[in-house]
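The structure appears right after this line, and notes come after that.
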Ligand code: BMA
């Protein structure tokens, strides 16, 4: 029996998974995974994390009419910068982009990775042909940042994931200018005994729904076989996004298929982006085993339901 027939996950995997592998990249590379996702001018756009043969990641744009078959650009949209101050903090790669549209601009939070541990980088684009860095917008060690598409009380708001004395929980931070962030508070903790007991981090930029802001996040449990990454979802208050109002008990997606179980980092499903369809379906793009890109769908209604 296949994993789908058992229906242990509330999301449905696309039968043609994985949709992008290293073989689809128009130059030799190691892996492709953890893509930001948006629909722009009727096209599905993914900002792919492509890990080169030397082990550093750059971001490449992929475009598609149907969201399943993508054309991939050879020239990177963003690569580790050669200019300071980025050069020092991106020396080991630019990773895990998350895209949020505000007005006519897309903001991209990404992980700037260096020997000094990860920091959050911010870039922006209007047209997906030119990308401009805005700043390095956290201290180390912080990552998994997602920007809310609205301001609250005239401030920008993000979820992020600082590492604090061995803990890795989800926090919220506020900013007047997108560069300096503060008023930070913890909003969601790892859950002892659960699938998300060791580490959690935001995945998809928050989706506005009638019931609250829906956040699809990853959670980790450490097993005898290593770290096991799953996806779950949570709801935050519409008016005050620092208030957690619900959270899925079970994970919504767990590594079960061979392409999620086997790869550079086994037993990983990890998301950086989803597309909200007009028919109420959420198309979740996710990296599998840090090796390829997959897609799965769920109804928005079901995702909200499992948080309540
Ligand atoms: C996280 C990030 C992700 C990666 C995951 C599993 O910490 O580095 O980019 O997919 O680990 O290796």
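In our numbering, the protein residues as written are 4 to 311.
Beta carbons are placed, not taken as given, at the ideal position from N, Cα and C, and that holds for glycine.
Keep in mind that this is a model prediction, so the values were computed, not measured.
- Remark: C-beta atoms of residue 136 and residue 107 do not approach each other more closely than 8 Å.
- Between ligand 1 and residue 109, a heavy atom-to-CB distance of less than 7 Å is absent.
- Taking all protein chains in view, the Cβ of residue 100 is crowded by 16 or more other Cβ atoms within 10 Å, so the residue is classified as buried.
- Counting only the Cα atoms, residue 157 lies some 44 Å from residue 264.
- With a beta-carbon spacing of about 11 Å, residue 285 and residue 274 fall beyond the 8 Å limit used to define contacts.
- Around the Cβ of residue 97, a 10 Å sphere holds 16 or more other Cβ atoms; the residue is buried.
- The continuous beta strand (DSSP E) containing residue 100 extends over residues 96 to 105.
- Closest by C-alpha distance to residue 58, out of 41, 93 and 69, is 93.
- Secondary structure note for residue 203: its beta strand (DSSP E) is the uninterrupted segment 202 to 205.
- Per DSSP, reduced to three states, the secondary structure at residue 26 is helical.
- The alpha-carbon separation between residue 199 and residue 291 amounts to approximately 17 Å.
- The beta-carbon distance between residue 193 and residue 175, rounded to whole angstroms, is 16 Å. This is too long to meet the 8 Å contact definition.
- The closest heavy atom of ligand 1 lies 7 Å or more from the beta carbon of residue 54.
- In the three-state DSSP reduction, residue 263 falls in the helix class (H, G or I).
- The segment 246 to 264 and the segment 200 to 208 do not touch, with fewer than three beta-carbon pairs separated by less than 8 Å.
- With a minimum length of 3 residues, the unbroken runs of beta strand (DSSP E) contained wholly in the segment 108 to 157 fall at 108 to 116, 122 to 128, 135 to 139 and 145 to 150.
- The C-beta distance from residue 276 to residue 41 rounds to 7 Å, short enough to meet the 8 Å contact threshold.
- In the displayed model, residue 287 falls within a strand according to three-state DSSP.
- Residue 256 and residue 20 have their C-alpha atoms spaced approximately 14 Å apart.
- Residue 188 is classed as exposed because its beta carbon has fewer than 16 other beta carbons within 10 Å across all chains shown.
- Taking non-hydrogen atoms of ligand 1 into account, the C-beta of residue 273 is found less than 7 Å away from one of them.
- With a 10 Å radius around the Cβ and a threshold of 16 neighbouring Cβ atoms, residue 88 comes out exposed.
- When 267, 260 and 294 are compared, the shortest CA-CA separation from residue 17 is found for 260.
- Assigned with DSSP and collapsed to three states, residue 72 falls in coil, not helix or strand.
- Pairing residue 139 with residue 116 gives a Cβ-Cβ distance that is not under 8 Å.
- Between residue 35 and residue 295, the C-beta gap is smaller than 8 Å, which places the two residues in contact.
- Here residue 51 really is in contact with residue 63; their C-beta atoms are around 5 Å apart, less than 8 Å.
- In this structure, the alpha-carbon of residue 218 lies about 32 Å from that of residue 77.
- The DSSP-derived three-state label of residue 91 is helix.
- In this structure, the straight-line span from the alpha carbon of residue 267 to that of residue 90 is close to 26 Å.
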